[in-house]
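Letter by letter, the sequence shown follows residues 1 to 815 in UniProt numbering.
One structure is given here, and the rest of the page talks about it.
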Amino acid sequence: MRFGEELIAERVPEWADKYLDYKTGKKHIKAVADAIEREEAAFKAPVHRKSGLSRLSTRRRARPARAPAPESPVYQPPRNSDSVDSLDPIAVALSRDDRGYQPLGASSRNTTPSPDRRAPGGLRHGVAAGAEPSTLPQHEVRRTESQQNAAANPLLAQFSNVRSRFFDSNAQLLNPTDPVEKAKSEFFHFLIAELQKVDNFYRTKEEEAGARLEVLRAQLHEMRHRRNDDILQGSRPMQTDEDDQSSRPLLERMKENFIELTSFGKGSKKKTIAHIVSAPVLHVAPSISDSQRRRDFVPKRVIEDEAVTYKDAKRKIKAALHEFYRSLDLIQAYAALNRTAFQKLNKKYDKNAGSTEKLEFMQNYVDRSNFVNSTVIEGHMRTTQDLFARYFERGNTKAALTKLRARKTKDESLSTFHNGVLVGLGLVFSIQGFISAMKIMFAEDVDDDLRKVVVSHLQIYGGYVLMLCMGWMFCLNCYIWTKAKINYPFIFEFDTRHTLDWRKMCQFPALFSVMFGVVFWLNFSLQWGGLDLFLWYPVILIGGTLLVLLLPLPVFHHKSRLWFAYSHWRLLMAPFYPVEFRDVFLGDIYCSLRYSFQNIELFFCVYVNGWDEPEFCGSSKSRLMAFLSALPPMWRAIQCIRRYYDTRCFFPHLANCAKYLVFLFMIVGLSEHRIIGGELTLSVFIFLATFNTIYSTWWDIYMDFRLAQKKSSNGLRDILAFNTKWVYYAAMVADPLMRMSWVVYVVFTKNPQHSSVSSYVVALIELFRRMMWISFRVENEHCVNIANNKASREIALPYIITSRHSDVDDEEQQG
């Protein structure tokens, strides 16, 4: 694998634009090589690239350097006792005003140049050529952002006295008419800009990691203090403002400290009384940004009530430490991968440009930058390991490190083989079962009652097949997201310790496929159990499926099945939970499975009535079927109301609620047309369906997909995860067309009951539309994360308090 492909495969998808632009760097190197070849052809002097020598370069070095005129804006090297080659060409290149690159160390958000950007000596921000590196410690040179923009460039100030031999001479660097030196100058301008981008982003992530570590440390301390209160008093009282740590009696706090030593065991050391006294607590309410208020869900990082139990607090903080350690690992991998990218690019330049000094830019600039030399992230990782070991592993650092580290990716070839075998068996049995069912349906000597039972069975199995197809389509979307580098486990907030690969996820629909095939074949082959067991095969299939999904034993991906069951519980109890992405996602999926929901009424109706006259359990006889079909849009409308209650933001939450209410009315209108019939009910249904199609299509394209943005440069949106743009335009056309599948009901106006085949065709069209919606909905969320450079989630923390000052053990200070 080439390094460019490896870089794309290994980088964090949400930080893709923060890595070294390796592809553009290769283009710059090719431009340098092409310029050298053209000049070689002009002078007919071949370059010996291994040694970096040529008659052309010898003639250039012998040529006297031409200094620009005083009034020229191009930099003039100062006259001193040293030779002109002693100046740093990279600093000279950055001093030019015609490039527009931002200096290293400046804020990446502030692109306004300083009024006095040129200082004596030609270097920006008043850094004189040949200045010695700064010896001040880092914490003494911190300034405000406005002062930093006017301060000296830290990287150039540190290495301004380092010689660089990337160019034959400084005069050649400053000569804009020389194509070779111009190409080289553009390449190193590019390198400096990329180095600035990487280093600034790494510094930002360092600061964010330090702030997050302090929050987690404060949560651990609060958990310890409340645990001690439980031990002392038997039960923890509600915390009040008067119950501050610094206002409690000294004797009580000394007893608490003694309990700390006995309850947290290994590695604890006794604090001094002065250390115990100074522990004020700050209560800070969580803030919600305007962009979060306008989202139809909230990330799972809502701070819980203070009345949380010790067991729940321990579980939440433990999960938060896992996620924090994973984020530190991502930052560390980001630095290592960028350093390798700079090294590969410099090697390629040395090879193509015939440089006599190998990897000089690496040694003088990259290897001395912050993202290469900093040990802050490593220190945070050691501190996290120490905290996890002391609070959760009884001081066992080895066990803590094993649990904190991410699982290695395993070879899933065996899972793929198993899935293929199960799917093949399921298809064989399903086809044979379908052939047997058709023989019963069209046989002349078959009783009409048996034929009606077969029709009802096929409708029940059809609803099951729709849900099974939805499971397969979700697995297919996971495969598409994996290939497109879309971080769907992060979007769905899966636990990274138990996340299933898309091939392992396929084990569920593969198992249900073979279960369906075997039961379907046994049902209509009439070889097992006769007519008595014939009626109960659908119960066997549905009961077996629920048993597999809800089995409480720790087998067959227990954590994933538990997440699935809990997500459905949240959907049922929609008004009582803050709306998360999985709630929105699951509710929208079930909106496309109305056929399966209405078959719930058919299932219970035929069994309650003993399979007598099953045709009276159809859609033209029961309004309960319409109620069950309306449950998914009802859940989504309730979620929108809950979102409005949490944010008090009218748009988009109440507007989204209105969309689902229109959808609900359309379902009711269709049911009334089937039951009552007539032109009036048909006209009402057509009006509601047309309005729902227009409203929902606009919402899908403009809100859920975020396409057709006016300010976008490509007419879609600025950030796209899929490489081919035509799929976005195809989705904008296909979505409204497939939303008009209700026209099938209007065509068959002579039969208000509608045929089972036409209803199933409408359900299949909606299923494929939902598959497309799933793909672009998750892709849009991924692009939002890219815009916010968000690659790790903040786990919900149990306590409202955010910090407890000076409450750090001696081991934490050592760590």
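Glycine included, every Cβ here is placed at the ideal spot set by N, Cα and C.
Rounded to whole angstroms, how far is the Cβ of Tyr595 from the Cβ of Ser759, which I believe are closer than 8 Å?
-> With a Cβ gap of about 7 Å, Tyr595 and Ser759 count as contacting.
For Glu444, count neighbouring Cβ atoms within 10 angstroms of its own Cβ and tell me buried if that reaches 16, exposed if not.
-> Exposed, by the Cβ-count rule.
With Leu20 and Phe342 assumed to form a contact (beta carbons below 8 Å), what rounded beta-carbon distance in angstroms separates them?
-> Yes, they are in contact, since the Cβ atoms of Leu20 and Phe342 sit about 6 Å apart, within 8 Å.
Measuring CA to CA, which of Arg717, Gly677, Asn788 is closest to Val746?
-> Out of Arg717, Gly677, Asn788, Gly677 has the C-alpha closest to the C-alpha of Val746.
Take every Cβ of the segment 595 to 613, pair it with every Cβ of the segment 774 to 791, and state whether three or more of those distances are shorter than 8 Å.
-> With contact defined as three or more Cβ pairs closer than 8 Å, the segment 595 to 613 and the segment 774 to 791 are not in contact.
Nearest-angstrom Cα distance between Leu767 and Pro632?
-> In this structure, the alpha-carbon of Leu767 lies about 15 Å from that of Pro632.
Do Lys483 and Phe3 have their CB atoms nearer than 8 Å?
-> Their beta carbons are not under 8 Å apart, which means Lys483 does not touch Phe3 by this criterion.
CB contact check: Asn789 to chain D, cutoff 8 Å | Absence of chain D from the displayed structure is noted, only one protein chain being present.
Using the beta-carbon count (16 or more within 10 Å), is Ser629 buried or exposed?
-> Buried, by the Cβ-count rule.
Rounded to whole angstroms, what's the CA-CA distance from Leu94 to Ile701? Just pull it up for me.
-> Legend: pLDDT at Leu94 = 43, less than 50; position of this residue unreliable, value from coordinates given subsequently. Looking at the two C-alpha atoms, the distance is approximately 44 Å.
On the three-pair Cβ rule with 8 Å, is the segment 472 to 482 touching the segment 364 to 383?
-> Counting Cβ pairs under 8 Å, fewer than three are found: no touch.
In the segment 409 to 464, which residue ranges form an unbroken alpha helix (DSSP H) of at least 4 residues, counting only runs that do not cross its ends?
-> Taking only runs of at least 4 residues, the alpha helix (DSSP H) segments lying wholly in the segment 409 to 464 are 413 to 442.
Test item: CB-CB of residue 835 and Pro798 under 8 Å | Residue 835 cannot be examined here, being either before or after the span of the chain that is shown, 1 to 815.
Helix, strand or coil: which one does DSSP assign to Ala389?
-> In the three-state scheme derived from DSSP, where H, G and I count as helix and E and B as strand, Ala389 is classed as helix.
Curious, which full-length alpha helix (DSSP H) runs of at least 4 residues does the segment 743 to 780 contain?
-> Counting only runs of 4 or more, we get 743 to 747.
Going by Cα to Cα distance, which pick from Arg582, Leu670, Val727 is closest to Gln639?
-> Looking at the Cα atoms, Arg582 is the closest of the given residues.
Does the Cβ of Trp481 have 16 or more other Cβ atoms within 10 Å, making it buried, or fewer, making it exposed?
-> Trp481 should be labelled buried.
What is the rounded straight-line gap between the Cα of Gln179 and the Cα of Phe188?
-> It should be pointed out that residue 179 corresponds to Pro in this sequence rather than to Gln. Their Cα atoms are separated by approximately 14 Å.
Would you tell me roughly how many angstroms separate the C-alpha atoms of Ser413 and Val514, rounded to the nearest one?
-> In this model, Ser413 and Val514 are separated by some 20 Å (Cα to Cα).
Same chain, Cβ closer than 7 Å to Glu672, neighbours up to 5 away in sequence not counted = Close CB contacts of Glu672 within its chain, under the 7 Å cut and outside five residues either way in sequence, are with Thr681 (chain order).
Residues near Lys266 in its chain [Cβ-Cβ closer than 7 Å; skip 5 each side] = At Lys266 the pLDDT is 38, less than 50, meaning the model places this residue with poor confidence; the figure from the coordinates comes in the next sentence. Arg394, Gly395, listed in sequence order.
Of the residues Leu191, Glu208, Tyr310, Lys205, which one's Cα is nearest the Cα of residue 820?
-> Past the edges of the chain, shown from 1 to 815, lies residue 820, and the structure says nothing about it.
Taking the CB atoms as reference points, tell me whether Asn523 and Gly433 lie closer together than 8 Å.
-> Closer than 8 Å, so yes.
Burial state of Glu181 (16 or more Cβ within 10 Å) | When all chains shown are included, Glu181 counts as buried.
Compare the C-alpha of Arg623 against each of Val744, Ala400, Ile675 and name the closest.
-> With respect to the C-alpha of Arg623, the residue from Val744, Ala400, Ile675 having the closest C-alpha is Ile675.
Report buried or exposed for Lys659, applying the criterion of at least 16 other Cβ atoms within 10 angstroms of its Cβ.
-> Residue environment for Lys659: buried (at least 16 other C-beta atoms within 10 angstroms of its C-beta).
State the Cα-Cα distance for the pair Phe190 and Lys23, rounded to the nearest angstrom.
-> Their backbone Cα atoms lie some 12 Å apart in a straight line.
In angstroms, rounded to a whole number, what distance separates the CA positions of Tyr728 and Gly25?
-> If you take the alpha carbons of Tyr728 and Gly25, they lie about 29 Å apart.
Where the alpha helix (DSSP H) through Gln527 begins and ends | For Gln527, there is no enclosing alpha helix (DSSP H), as DSSP gives it neither H nor E.
Flag this pair as touching only if the segment 612 to 623 and the segment 557 to 571 have three or more C-beta atom pairs under 8 Å; answer yes or no.
-> Flag = no, the segment 612 to 623 and the segment 557 to 571 do not touch.
Are Arg339 and Val366 closer than 8 Å when you measure CB to CB?
-> Arg339 places its beta carbon less than 8 Å from that of Val366.
Leaving aside the five residues before and after Tyr590 along the sequence, list all residues of the same chain whose C-beta is less than 6 Å from its C-beta, in chain order.
-> Only residues of its own chain outside the window of five on either side were considered, and among them Pro632 have a CB closer than 6 Å to the CB of Tyr590, listed in chain order.
Rounded to whole angstroms, what's the CA-CA distance from Phe388 to Arg326? Just pull it up for me.
-> If you draw a straight line from the Cα of Phe388 to the Cα of Arg326, it is about 13 Å long.
Alpha-carbon spacing of Glu186 relative to Ile192, whole angstroms = Rounded to whole angstroms, Glu186 to Ile192 spans 10 Å at the Cα level.
7 Å CB neighbourhood of Pro519 in its chain, flanking five on each side removed = For clarity, residue 519 is Val in the given sequence; the question names Pro instead. Once the five neighbours on either side are set aside, the close Cβ partners of Val519 are Tyr537, Ile540, Leu541.
In three-state terms, what does DSSP make of Gly618?
-> DSSP places Gly618 in coil when its eight states are reduced to three.
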